[in-house]
Amino acid sequence: MKKKIAILGASGYTGAELVRLIATHPHMQIVALSGDRKAGMAMAEVFPFLRHLNLPALVRIEEIDFSHVDLAFCALPHATSQAVIANLPRDLPVVDLSADFRLRDVAEYQKWYGKPHAAPDLQKDAVYGLTEFYRDEIRTARLVAGTGCNAAAGQYALRPLIEAGVIDLDSILIDLKAGVSGAGRSLKENLLHAELSEGTMAYAAGGTHRHLGEFDQEFTRAAGRPVLVQFTPHLLPMNRGILASVYVNGEPAQVHATLAARYALEPFLEVLPMGLLPSTRDIRGSNFVHLGVIADRIPGRALVIAVLDNLCKGSSGQAIQNANLMLGLEETAGLMLAPVFP
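For the sequence shown, full-length UniProt numbering assigns the number 1 to the initial residue and increments by one for each residue that follows.
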């Protein structure tokens, strides 16, 4: 019997991505979709690319009967998820795609998001959702907090290197390029085609980007001492994709060998041969991550490049990977679709 799934916030990009992936999932069935501003509408009206699917209409969250739901995905905006999840049945497994439960310390949440945490009692039970590093905890979790998409890209490039102690922890630089869908579906003037296309820009520079809270938390945890990285994201005029160029002080061959060994058995992580660098076009629409390592001309320095699809492996695909574990399903179920090319 298929697991019955509810998607809260199905009218956004990550909600639509969840629907796209679950549509071919062998063990999941969507039984409820919420979208408060679009309640009463069919998903085909909101996302015509899904019109071939027989889906429930969008409703308000309070109209959903959760007694018949096996797991809920919460794809709501930041700060909204806390209140919603606090009112869900306490025995209902939830995968949250927002930032609301990513930071273990509620004081850190207030620092980075500018408001007090609304559900601190739930925060202590939340498991950070970077699947390849928290797999065992996720299997038994009731609430899993999906990572930020930028945070995921940087961590895949760096966590094995930090844990193995093969790089200098005080000189890490992450230069990241991200597609515009990472900014969400809400109308924003700077995301209009005429203002975004044919150019690129840095944003949240100088240590202000909220995903730095995740880097601080996770890298410090991995190293056993404080680790602060320099991080600058850039917005590119493309729909999907993240490319993180990570500059480290470490022996390039050792950096490559460490990543290759750590990810050798991971189904979604592909470390390219030494000297070969990945492209976002090779992972588009998929749950795969490609990593490449190249030596710098300056001895003892290396460049690691990680690419992933921000809507899939960076968000909705990761969420389904975690849900598979929580429901006792094969971790890769519904996620082995090949990337879209060209």
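Think of the CB as a built atom: it goes at the ideal place given N, C-alpha and C, for glycine as much as any other residue. Note that the coordinates shown come from a computational prediction; the quantities given were computed from them, not determined experimentally.
Take ASP125 and list the residues in its own chain whose beta-carbon comes closer than 7 Å to its own, dropping the five residues that flank it on each side.
Mapped onto the sequence shown, residue 125 falls at position 125. So the qualifying residues of the chain are ARG142, LEU143.
Say whether the stretch 133-140 touches the stretch 237-245, bearing in mind that this needs 3 or more beta-carbon pairs closer than 8 Å, one atom from each stretch.
no
Between GLU45, TYR134, VAL289, ARG159, which has its C-alpha nearest ALA223's C-alpha?
Here the question's residue 223 lines up with position 223 in the sequence shown. If we check each option's Cα against that of ALA223, ARG159 comes out closest.
Is LEU325 near SER286, with beta carbons less than 9 Å apart?
Within the sequence shown, numbered from 1, the residue matching residue 325 stands at position 325. Within the sequence shown, numbered from 1, the residue matching residue 286 stands at position 286. Cβ atoms of LEU325 and SER286: not closer than 9 Å.
On the three-state DSSP scale, how would you describe GLY292?
Position 292 of the sequence shown holds residue 292. In the structure shown, GLY292 sits in a strand (DSSP, three-state: E or B).
Is it buried or exposed for ARG284, if we count other Cβ within 10 angstroms and need 16 for buried?
Start at 1 with the first residue of the sequence shown, and residue 284 comes out as number 284. ARG284 comes out buried.
Give the DSSP-derived three-state secondary structure of TYR128 in the structure shown.
The residue given as residue 128 occupies position 128 in the sequence shown. Strand.
Compute the distance between the beta-carbons of LEU130 and THR147, then report whether it is under 9 Å.
Position 130 of the sequence shown, counted from the first residue, corresponds to residue 130. Position 147 of the sequence shown, counted from the first residue, corresponds to residue 147. Yes, Cβ-Cβ distance for LEU130 and THR147 is below 9 Å.
For TYR247, which residues does DSSP report across the bridge?
What you label residue 247 is simply residue 247 of the sequence shown in a count that begins at 1. DSSP, once it has assigned bridges, lists LEU173, LEU303 as partnering TYR247.
Supposed contact pair TYR156 and ALA306 - C-beta distance, whole angstroms, cut 8 Å:
On the sequence shown, residue 306 is found 306 positions in, with the first residue counted as 1. On the sequence shown, residue 156 is found 156 positions in, with the first residue counted as 1. ALA306 to TYR156, Cβ: 5 Å. Contact.
Based on DSSP bridge pairs, tell me the residues matched to THR258.
The residue you call residue 258 lines up with position 258 of the sequence shown. In the DSSP output, where bridge partners are listed per residue, THR258 has none listed.
Less than 9 Å separating the beta-carbons of ILE30 and ALA39?
Your numbering for residue 30 matches position 30 in the sequence shown. Your numbering for residue 39 matches position 39 in the sequence shown. Cβ atoms of ILE30 and ALA39: not closer than 9 Å.
According to DSSP, is PRO233 helix, strand or coil?
In the sequence shown, the residue the question calls residue 233 occupies position 233. Strand.
In the DSSP assignment, what are the bridge partners of ASP96?
For this step, residue 96 is matched to residue 96 along the sequence shown. Bridge partners of ASP96: CYS74, ALA145.
Is the beta carbon of PRO93 closer than 9 Å to that of ASP121?
Mapped onto the sequence shown, residue 121 falls at position 121. Mapped onto the sequence shown, residue 93 falls at position 93. For ASP121 and PRO93, no; Cβs fall outside 9 Å.
Would you be able to state if there are at least three C-beta pairs under 8 Å between the stretch 309-319 and the stretch 259-267?
no
Note down, in chain order, each residue of its chain lying with its Cβ closer than 6 Å to the Cβ of ASN322, except the 5 sequence neighbours on either side.
The count along the sequence shown starts at 1 and reaches residue 322 at position 322. Here the set comprises VAL95, GLY129, THR131, ILE138, VAL144.
What does DSSP give as the partner residues of VAL59 in its beta bridges?
Residue 59 sits at position 59 when you count from the first residue of the sequence shown. Answer by DSSP bridge pairing, in chain order: SER34.
Just curious, the alpha helix (DSSP H) that ALA86 is in, first and last residue?
For the purposes of this step, residue 86 is taken as residue 86 along the sequence shown, with counting starting at 1. Its alpha helix (DSSP H) spans residues 80-86.
What are the start and end residues of the beta strand (DSSP E) that includes LEU8?
Here the question's residue 8 lines up with position 8 in the sequence shown. 3-8 is the span of the beta strand (DSSP E), which, as asked, contains LEU8.
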